[in-house]
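K.L.:
This is the structure I want to talk about, given as structure tokens.
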Amino acid sequence: MLKLNSIQTKYGSIYALKGIDLVVNQGEIVTIIGANGAGKSTTLNTISGLVRSISGSIEFNGVDITHMPTDKIVESGLIQVPEGREIFPNLTVMENLKLGAFLRKDKQGIKEDIEKVTTFFPRLAERFSQLGGTLSGGEQQMLAIARALMSKPKLLLMDEPSLGLAPIFVQDIFNIVQKINEQGTTVLLVEQNATLALSIAHRGYVMETGNIVMEDKACNLMDNESVKAAYLGF
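In terms of my numbering, the sequence shown has 182 at position 182, counting the first letter as 1, and numbering is strictly consecutive.
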């Protein structure tokens, strides 16, 4: 479904990605784990066109999207939930959700999908008229994911969904990611909470300073002694 071939990305003179290869197959949850500054978020931003690679190629469903405009990438079904949520704080929950569907013309389908996403996030249904900026951090993360789902993603990129959340919300978010995947959406997840990420993923990549240094089934990475020592805290 998604294939990165020798992707290099720079910020000024600094190489953030040093020729990475990565594959996501349809129906999977794939996670990228690594320390701060490893290049995880840059990988997602390069895939979605927010940052441009200087070499290599990105294929999505057999189409080269390396130089495709970001809005066309979104239109193709590749949607990112950004780090820090980035909801519209001065718009209501409902307005945020409708903006997620801005490329769609099917009014009835949009209405049905608003009902569908609120089955994942019942709290949002209670707050349709509330301004996004007045929600708690966990509720804002729920809104950011729900807004992304309104675009009907084929592949959902998620950047640090647990960042800054209370533990009670973190488990809720990861349970919902699993449900989204079970209902047919492929997920590429960047997450510093490596234990939780690997617990729901099918496969994982380990990044260090712009390089992929390990790739395996998530269960194997959980049992790997070097991964345990570096990222799992035991």
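For every residue, glycine included, the Cβ atom is placed at its ideal position computed from N, Cα and C.
#1: Whose CA, out of Glu208, Gln178, Thr186 and Ala230, lies closest to the CA of Ser199?
#2: Go to Asn45, then tell me how far its alpha helix (DSSP H) extends in each direction, as first and last residue.
#3: Tell me the DSSP secondary structure of Gln183 in three-state form.
#4: Helix, strand or coil for Glu37, going by three-state DSSP, please let me know.
#5: In whole angstroms, give me the CA-to-CA distance for Gly19 and Asn193.
#6: Would you give the residue range spanned by the alpha helix (DSSP H) that Asn96 belongs to?
#7: When you compare each of Asn61, Glu115 and Arg147 to Ile87 by their alpha carbons, which one comes out closest?
#8: According to DSSP, is Leu156 helix, strand or coil?
#9: With a Cβ-Cβ cutoff of 8 Å, do Leu17 and Thr42 count as a contact?
#10: Could you tell me which of Leu143, Ile180 and Asn5 sits nearest to Pro82, measuring between CA atoms?
#11: Considering only the beta carbon of each residue, do Thr195 and Leu155 sit closer than 8 Å?
#12: Let me know the beta strand (DSSP E) ranges lying completely inside the stretch 206-230, each 3 residues or longer, listed in chain order.
#13: Could you give the residue range of the beta strand (DSSP E) that holds Glu83?
#14: Given a cut-off of 8 Å on the beta-carbon distance, is the pair Glu160 and Val190 in contact?
#15: Taking 8 Å as the cut-off, decide whether the C-beta atoms of Ser6 and Ser55 are in contact.
#16: Taking just the CA atoms, how far does Leu124 sit from Cys219?
#17: In terms of alpha-carbon separation, which member of Ser226, Asp223, Asn224 and Val187 lies closest to Ile32?
P.N.:
In terms of the structure at hand:
#1: Gln178
#2: Lys40 to Ile47
#3: coil
#4: Per the sequence shown, the amino acid found at residue 37 is Gly instead of Glu. Note: Gly37 maps to coil in three-state DSSP.
#5: 25 Å
#6: Val93 to Gly100
#7: Arg147
#8: strand
#9: yes
#10: Leu143
#11: no
#12: 211-217
#13: First-last for Glu83: undefined, no H or E at that position.
#14: yes
#15: yes
#16: 33 Å
#17: Val187
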